[in-house]
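One rule links them: number in the working numbering = place in the sequence shown (from 1) + 14. Even for Gly, the Cβ is constructed at its ideal location relative to N, Cα and C. All figures in this text were calculated on a predicted structure; none of them were measured in a lab. Input: a single structure, listed below in structure tokens.
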Amino acid sequence: DKLLVMAAGNTCEKRDDQLLTSSTDPSRDSWQFNVLIVGASTSGLKDALFSRMGAVVNLMAPGEDVGFGQGTYSGTSFSAPLVTGAAALLQGINTGLSASETRYLLLNGA
15 DKLLVMAAGN
25 TCEKRDDQLL
35 TSSTDPSRDS
45 WQFNVLIVGA
55 STSGLKDALF
65 SRMGAVVNLM
75 APGEDVGFGQ
85 GTYSGTSFSA
95 PLVTGAAALL
105 QGINTGLSAS
115 ETRYLLLNGA
């Protein structure tokens with residue numbers, strides 16, 4: 015019962031469904047309820063040109079020109095930790111939340 019938050023990747027693929035499980039895959043339920051794939055957004059709330067998008071992406075978070083250390087950087091690797099932090103805050107407030115409940119709250123509250 016763990017929530018896996020993954021960066022979508024920076025391949026510029028915009029109509030991606032490569033990471034989606036097939037309807038006959040026995041692990042499909044795990045992917046649907048315990049995994050969040052995060053794409054990157056711009057400061058203008060649009061998908062970043064570099065971010066993988068499409069049906070495979072569940073959620074977007076800031077990922078362009080993110081302040082880090084001594085400069086700003088871009089990538090879905092900066093988006094996924096923001097979602098992970100939000101998930102941790104939810105589970106800190108309610109320690110009884112399951113992975114699928116946390117995922118549901120993030121997706122429906124975004």
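Is it buried or exposed, residue i, if we count other Cβ atoms within 10 angstroms and call 16 or more buried?
| i | result |
| --- | --- |
| residue 82 | exposed |
| residue 17 | buried |
| residue 55 | buried |
| residue 88 | buried |
| residue 116 | buried |
| residue 65 | buried |
Determine, using beta carbons only, whether residue i and residue j come nearer to each other than 8 Å.
| i | j | result |
| --- | --- | --- |
| residue 21 | residue 114 | no |
| residue 23 | residue 98 | no |
| residue 96 | residue 76 | yes |
| residue 121 | residue 48 | no |
| residue 69 | residue 19 | no |
| residue 63 | residue 26 | yes |
Beta strand (DSSP E) containing residue i: first to last residue?
| i | result |
| --- | --- |
| residue 54 | 49-55 |
| residue 106 | First-last for residue 106: 90-107, but that is the alpha helix (DSSP H), not the beta strand (DSSP E). |
| residue 82 | 80-82 |
| residue 40 | That residue, residue 40, is in no beta strand (DSSP E); it is neither H nor E in DSSP. |
Looking only at its chain, what residues have a beta carbon closer than 6 Å to the beta carbon of residue i, apart from the 5 residues adjacent to it on each side?
| i | result |
| --- | --- |
| residue 67 | 28, 53, 61 |
| residue 51 | 20, 22, 70, 71, 72 |
Determine the extent of the alpha helix (DSSP H) in which residue i is found, giving its start and end residues.
| i | result |
| --- | --- |
| residue 116 | 113-123 |
Just to confirm my understanding: we take residue i, look at its own chain, exclude 5 residues before and 5 after, and list those with CB closer than 7 Å. What are they?
| i | result |
| --- | --- |
| residue 86 | 79, 80 |
| residue 124 | 73 |
| residue 109 | none |
Quick one: residues in its chain with C-beta nearer than 8 Å to the C-beta of residue i, no 5 flanking neighbours on either side, listed in chain order?
| i | result |
| --- | --- |
| residue 111 | 104, 105, 119 |
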